[in-house]
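All residue numbers for the sequence shown refer to the numbering used here, where the first residue is 40 and numbers rise by one.
This report refers to the structure that appears directly beneath it.
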Amino acid sequence: MKITAYLATVLLAGLGLALISPATLASPTDAFSAVYSVRKSGLPLGDAHFSLKPGQQDGCYIYAGHAKPNALVHMFLGNIDDETRFCIVDDQVQPRYFRHHVDGKPGHSYTLKFDWSAMTVQYKNGKGDSQTYAIKPGTQDPMSLQIAARRWLASTRPGNTLPTGHRFLLVDDDGLQTYKVHVSDAGNLKTPGGIFDTVKLARDGQHHHALTFWLARNADWIPVQVRRLEDGNTQYVLTMQSLSRSEATGH
40 MKITAYLATV
50 LLAGLGLALI
60 SPATLASPTD
70 AFSAVYSVRK
80 SGLPLGDAHF
90 SLKPGQQDGC
100 YIYAGHAKPN
110 ALVHMFLGNI
120 DDETRFCIVD
130 DQVQPRYFRH
140 HVDGKPGHSY
150 TLKFDWSAMT
160 VQYKNGKGDS
170 QTYAIKPGTQ
180 DPMSLQIAAR
190 RWLASTRPGN
200 TLPTGHRFLL
210 VDDDGLQTYK
220 VHVSDAGNLK
230 TPGGIFDTVK
240 LARDGQHHHA
250 LTFWLARNAD
260 WIPVQVRRLE
270 DGNTQYVLTM
280 QSLSRSEATG
290 H
């Protein structure tokens, strides 16, 4: 699973280091545009832009990410784009289409087209290779999974005990799998965009790619930091720089 396919969003530009007030809370499906800095083992790689906006139909949305390497890194790595198109059906996130694209790497670029009436998803990569996978109710793609996780945490009533874990169903270029996460308190996290009261959400078990999200209680559970480990050592960190909660207009 690819790094930008699991990245998420940021919060309220211009707030400096102020703690965000609960009065600013919105919905996990409200529009936004956001920016992260991206570092690998402490070295700057570039930035990543994300936006969530309404789709053409009521209750449907487009969530997109664009990772742009800096000038030096761009000599070796092209732009990376991810997009999910999903709807809220029976109060559940239901993805319809997912696209992951890496410039110059057709074998690593792919799409997922969901057919919920047939309970299947069609995978196709940039080389033309294709595969059809059976899916189950509640299955998410790598980007819609972020929205589903935020909505799950948002369903916790204020003052109630934080849930400790959850199982999601995920389909990507490797097919259908269970994505089990656990949640723990992480305290206040200071970022260039503010100080946030966070919880840490991480995937259970040993995996080639280990992802950890710091989600802001006081900002609709938006991730304000994301860490990715590869084989237990190579570390990528995305840190929130800015966010606009007005109508998102894209990258």
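For every residue, glycine included, the Cβ atom is placed at its ideal position computed from N, Cα and C.
All figures in this text were calculated on a predicted structure; none of them were measured in a lab.
Helix, strand or coil at residue i according to DSSP, with G and I counted as helix
| i | result |
| --- | --- |
| GLY94 | coil |
| LEU84 | strand |
| PRO145 | helix |
| ASN272 | coil |
| ALA258 | helix |
| ALA70 | coil |
| TRP155 | coil |
| PRO134 | strand |
| ASP180 | coil |
| ARG267 | strand |
| ARG284 | coil |
Residue i, enclosing alpha helix (DSSP H) - first and last residue
| i | result |
| --- | --- |
| ILE101 | Not the alpha helix (DSSP H): ILE101 falls in the beta strand (DSSP E), residues 99-108. |
| ALA173 | Counting along the chain, ALA173 falls outside any alpha helix (DSSP H), though it belongs to the beta strand (DSSP E) covering 169-173. |
| ALA188 | 183-193 |
Beta-carbon gap between residue i and residue j smaller than 9 Å
| i | j | result |
| --- | --- | --- |
| PRO108 | ALA193 | no |
| ALA103 | SER90 | yes |
| PRO134 | SER183 | yes |
| VAL210 | GLY233 | no |
| ASP212 | HIS140 | no |
| GLY312 | GLN216 | A query on residue 312 cannot be resolved here, the shown segment of the chain reaching from 40 to 290 and no further. |
N- and C-terminal bounds of the beta strand (DSSP E) containing residue i
| i | result |
| --- | --- |
| ASN164 | 159-164 |
| GLY204 | 204-211 |
| GLY226 | 214-230 |
| LEU201 | Per DSSP, LEU201 belongs to no beta strand (DSSP E) and is neither H nor E. |
Own chain partners of residue i with C-beta closer than 7 Å, once the 5 adjacent residues on each side are dropped
| i | result |
| --- | --- |
| THR159 | THR171, TYR172, ALA173, ILE174 |
| THR203 | HIS221, VAL222 |
Close Cβ partners of residue i (< 6 Å) along its chain, the five nearest in sequence each way excluded
| i | result |
| --- | --- |
| GLN274 | SER80, LEU268 |
| ALA249 | LEU268 |
**Message:** With three or more beta-carbon pairs closer than 8 Å as the criterion, would you say the region 162-170 touches the region 222-233?
**Reply:** These segments do not touch.
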